[in-house]
Ligand SMILES: Cc1cc2nc3c(=O)[nH]c(=O)nc-3n(C[C@H](O)[C@H](O)[C@H](O)COP(=O)(O)OP(=O)(O)OC[C@H]3O[C@@H](n4cnc5c(N)ncnc54)[C@H](O)[C@@H]3O)c2cc1C
């Protein structure tokens, strides 16, 4: 339903005029979409300051049958926070308090609008670690991280957002507040409702606060970039590293030669860490909080053994924080570097770790055959089997013409992923971008269960309609 003046007045009454944005230029940041794939619109942006205010906003909109799009830091990569002209955006940015931190219980209770980096900092100040970490951590919010079940660079060791949440507070589509802010390691009292809201991308309700797990803060970290001749060697290295370190591997990220070259071309200060070129690189990090563990020693043992067995062909160990940052900059600059190479067709996919070499090899062969000249740049979280199989346009090609092949290329890559029992969305979610793709591949029974859940929890279809399931 369109938004009438009396509804606008009521929303202003609830949150205050300064927290209701309708001016076009002030609205622009909320309508921006990270990948430029969608043009957002909205009837209004509402920025409540408390859960009680937010609950009143939702109840008011529910009574008027106005749909709501929850928005966190707006860094999502699937168009999940994009609204249309009849919908209101509820932005969580003002709800950004750390409500409690309990280092003895290794938990922190935060409001949904807390920026991820601020949660990490608050944990660190208590000598704890909140391990969720991703490129957008300076602007994404914990509510958005939970709503998308974000992954990032530490999943191998600590799990994804789903594994890091003990309790939630949620405003339901009718405006009621569910207070599930329990900080228990064990709680088998019926269904784990919090897990319904994690990864639901705001389609069941709005997360307003969460109890998150903390961990001891690592006191020792060792970082290296290893050069490997084959992808099989990369997965063998991962296997050895996990066994030899007592599972202290925090990060295991894949970088292809073409990706390093793109970074060297476009990102200031990036140079080749090696004397000679190699086809593949792995950024590997061990960390521990054990004072006597000597991570560095087990790291060196791993690299020596791997050299001896010809699993790696070269390695650079970071000897300082600056060197560590330089190695990380290569990994973190990959998406930015790719932007400078023109259009890129993206696939955020997962297959079992043991099948990653086969997936990348077959995927690259298929692209070469069906899209001659297109340049695969497969990189990312090899430790989780999550590869960003992004394909840059042929040099000098017309960008729009190249991007018009998005759906065809997706089909080719996703068919291969599904033949390996993989996932067409490993960590970014479904949003608007992959609704049809998920419909195409999901088991009908699974899809039916998802739709039943949606109907049960949001019968009027007012929470982020059109996202995830249609
Ligand atoms: C440079 C860069 C690097 C990235 N790296 C990674 C990565 O390594 N791993 C990864 O997983 N993702 C990554 N992302 C994607 C993105 O940062 C994550 O999806 C992040 O979790 C989104 O958080 P957000 O606060 O920006 O959410 P938004 O973009 O605002 O919203 C995302 C979805 O969550 C819903 N939502 C937001 N807040 C709430 C709430 N409080 N309650 C209910 N629903 C809500 C929205 O409606 C939308 O559907 C990256 C993005 C960028 C730009």
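Residue numbers (the working numbering): 842 to 1311.
Where is the CB? At the ideal position from N, CA and C, for every residue including glycine.
Predicted model only: the values in this text are computed from it and were never measured.
{"Check": "By the 10 Å Cβ neighbour count, where 16 or more other Cβ atoms means buried, how is residue 1126 classified, buried or exposed?", "Outcome": "buried"}
{"Check": "If we call anything under 8 Å between Cβ atoms a contact, is residue 1130 one with residue 1059?", "Outcome": "yes"}
{"Check": "With residue 1066 as the anchor, note down where its alpha helix (DSSP H) starts and where it stops.", "Outcome": "Not the alpha helix (DSSP H): residue 1066 falls in the beta strand (DSSP E), residues 1061 to 1069."}
{"Check": "Just curious, the alpha helix (DSSP H) that residue 1128 is in, first and last residue?", "Outcome": "Taken as a continuous stretch (DSSP letters only), residue 1128 belongs to no alpha helix (DSSP H), being part of the beta strand (DSSP E) at 1121 to 1129."}
{"Check": "State the Cα-Cα distance for the pair residue 1228 and residue 1190, rounded to the nearest angstrom.", "Outcome": "6 Å"}
{"Check": "Under a Cβ-count criterion, where at least 16 other Cβ atoms within 10 Å of its own Cβ denotes burial, should residue 866 be classed as buried or exposed?", "Outcome": "exposed"}
{"Check": "Would you kindly work out how many angstroms separate the C-alpha atoms of residue 1008 and residue 1123, rounded to a whole number?", "Outcome": "35 Å"}
{"Check": "Just the C-alpha distance for residue 1148 and residue 1274, rounded to the nearest angstrom, thanks.", "Outcome": "43 Å"}
{"Check": "Which value, in whole angstroms, describes the spacing of the CA atoms of residue 1086 and residue 1300?", "Outcome": "50 Å"}
{"Check": "May I ask you to list the residues that DSSP assigns as paired with residue 932?", "Outcome": "912"}
{"Check": "So, under 8 Å CB-CB, residue 1069 and residue 1222 are touching, yes? Tell me the CB distance rounded to an integer number of Å.", "Outcome": "Their Cβ separation, rounded to whole angstroms, is 16 Å, which puts residue 1069 and residue 1222 out of contact at 8 Å."}
{"Check": "Could you please give me the residues that DSSP links to residue 1154 through a beta bridge?", "Outcome": "Paired residue(s): none; residue 1154 is not in a bridge."}
{"Check": "So for residue 1112, helix, strand or coil by DSSP?", "Outcome": "coil"}
{"Check": "Leaving out five residues before and five after residue 1214 in sequence, what residues of the same chain have Cβ atoms less than 6 Å from its Cβ?", "Outcome": "1235"}
{"Check": "Since residue 919 and residue 1270 should fall inside the 8 Å C-beta cutoff, what is the C-beta to C-beta distance between them, to a whole number of angstroms?", "Outcome": "5 Å"}
{"Check": "Is the CB-CB distance between residue 930 and residue 939 below 8 Å?", "Outcome": "no"}
{"Check": "To which residues does DSSP link residue 993 through a beta bridge?", "Outcome": "974"}
{"Check": "With DSSP as the reference, label residue 1141 as helix, strand or coil.", "Outcome": "helix"}
{"Check": "Could you check whether the Cβ of residue 1269 sits closer than 7 Å to any heavy atom belonging to ligand 1?", "Outcome": "yes"}
{"Check": "Put residue 1041 into one of helix, strand or coil per three-state DSSP.", "Outcome": "coil"}
{"Check": "Ordered along the chain, which non-local residues of its own chain (more than five positions away) have a Cβ less than 8 Å from that of residue 1239?", "Outcome": "none"}
{"Check": "Is any non-hydrogen atom of ligand 1 found closer than 7 Å to the C-beta of residue 1308, if you look at the structure I gave you?", "Outcome": "yes"}
{"Check": "Residue 1011 and residue 1049 - do their beta-carbons sit closer together than 8 Å?", "Outcome": "yes"}
{"Check": "Please list the terminal residues of the continuous beta strand (DSSP E) segment that includes residue 1181.", "Outcome": "Unbroken run through residue 1181: none, as it is neither H nor E."}
{"Check": "Can you tell me the Cβ-Cβ gap for residue 1243 and residue 1204, rounded? I've got them flagged as a contact below 8 Å.", "Outcome": "Between residue 1204 and residue 1243 the Cβ distance is about 17 Å, and since that is not below 8 Å, they are no contact."}
{"Check": "From residue 1034 to residue 1083, what distance separates their C-alpha atoms?", "Outcome": "33 Å"}
{"Check": "Just to confirm the assignment, what range does the alpha helix (DSSP H) spanning residue 984 have?", "Outcome": "983 to 988"}
{"Check": "Should residue 1250 and residue 1212 be called a contact, given that it needs their Cβ atoms to be closer than 8 Å?", "Outcome": "yes"}
{"Check": "Give me the Cα-Cα distance between residue 1272 and residue 1265, rounded to the nearest whole angstrom.", "Outcome": "13 Å"}
{"Check": "Can you give the beta carbon distance from residue 954 to residue 989, rounded, assuming they're within the 8 Å contact cut?", "Outcome": "With 8 Å as the limit, residue 954 and residue 989 do not qualify as a contact, their Cβ atoms being about 15 Å apart."}
{"Check": "Between 1252, 1176, 1111, 944, which lies nearest to residue 1167 when the distance is taken from Cα to Cα?", "Outcome": "1111"}
{"Check": "Ligand 1 heavy atoms versus the CB of residue 912: any closer than 7 Å?", "Outcome": "yes"}
{"Check": "Flag residue 986 as yes when its Cβ comes closer than 7 Å to any non-hydrogen atom of ligand 1, and as no otherwise.", "Outcome": "yes"}
{"Check": "Does the distance from the CB of residue 1121 to the CB of residue 1098 come in under 8 Å?", "Outcome": "yes"}
{"Check": "What span of residues does the alpha helix (DSSP H) with residue 1274 cover, start to end?", "Outcome": "Here residue 1274 belongs to no alpha helix (DSSP H), and DSSP marks it neither H nor E."}
{"Check": "Can you have a look at residue 932 and say buried or exposed, based on whether 16 or more other CB atoms are within 10 angstroms of its CB?", "Outcome": "buried"}
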